[in-house]
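Each residue of the sequence shown is one higher than the one before, counting from 0 in numbering that gives the first Met the number 0.
Presented below is the structure to which this report refers.
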Amino acid sequence: MKKKVAFVCVHNSCRSQMAEGWAKELGKEILEAYSAGTENYPEVKPNAVKVMEEAGIEMSEHYPKLLTDIPEELDILITMGCGVACPFVPCGHQEDWGLEDPSGGPIEGFQKTRDMIKEKVQELIERIEKGEL
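Below is the structure:
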């Protein structure tokens, strides 16, 4: 059975969207991936979409979602390092990845964040496969 994992940050417009994209691609055999934010936002950041497309992950159809748009119960909740407290979400495991938001910066910041998120998603998958989560 696949593990339900959600990636959460404030606007669901950059880091959490990238994490969802990587999880759906790299963990499609073991993960049911979602992303959400704690506040409304009009769009996924164009640079986030662009750098993910550079890596072969299509995100042009992604849009910001709220916590109410994802399953109420999760196996794993990952916060992205937003500096805000998330409302309580029932889950078996929760951790914070402490990633800085590249929004407003150069494209290289988005690329660096994309690559860090890929590594963290790969590590998450390995931990699940080992039975650690």
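Ideal placement from N, C-alpha and C gives every residue a C-beta, glycine not left out.
Owing to the predicted nature of the structure, the values given are computational and were not obtained by experimental measurement.
Counted within 10 angstroms of its Cβ, other Cβ atoms place residue i as buried (16 or more) or exposed
i: residue 15; result: buried
i: residue 1; result: exposed
i: residue 63; result: buried
i: residue 89; result: exposed
i: residue 105; result: exposed
Sub-7 Å separation of residue i and residue j beta-carbons
i: residue 79; j: residue 47; result: no
i: residue 116; j: residue 4; result: no
i: residue 69; j: residue 6; result: no
i: residue 126; j: residue 50; result: no
i: residue 35; j: residue 23; result: no
i: residue 124; j: residue 55; result: no
i: residue 9; j: residue 42; result: no
i: residue 96; j: residue 119; result: yes
Member of the options whose CA lies at the smallest distance from the CA of residue i
i: residue 73; options: 92, 64, 55; result: 92
i: residue 60; options: 54, 44, 118; result: 44
i: residue 121; options: 8, 10, 19; result: 19
i: residue 87; options: 67, 101, 40; result: 67
i: residue 57; options: 94, 11, 21; result: 21
i: residue 13; options: 132, 101, 52; result: 101
C-beta neighbour in chain C for residue i, strict 7 Å
i: residue 54; result: Absent from the structure is chain C; it holds one protein chain and no more.
(message) Please give the ranges of any beta strand (DSSP E) in the region 28–95, keeping only runs that are unbroken, at least 3 residues long and fully inside the region.
(response) 30–36, 73–78, 90–95
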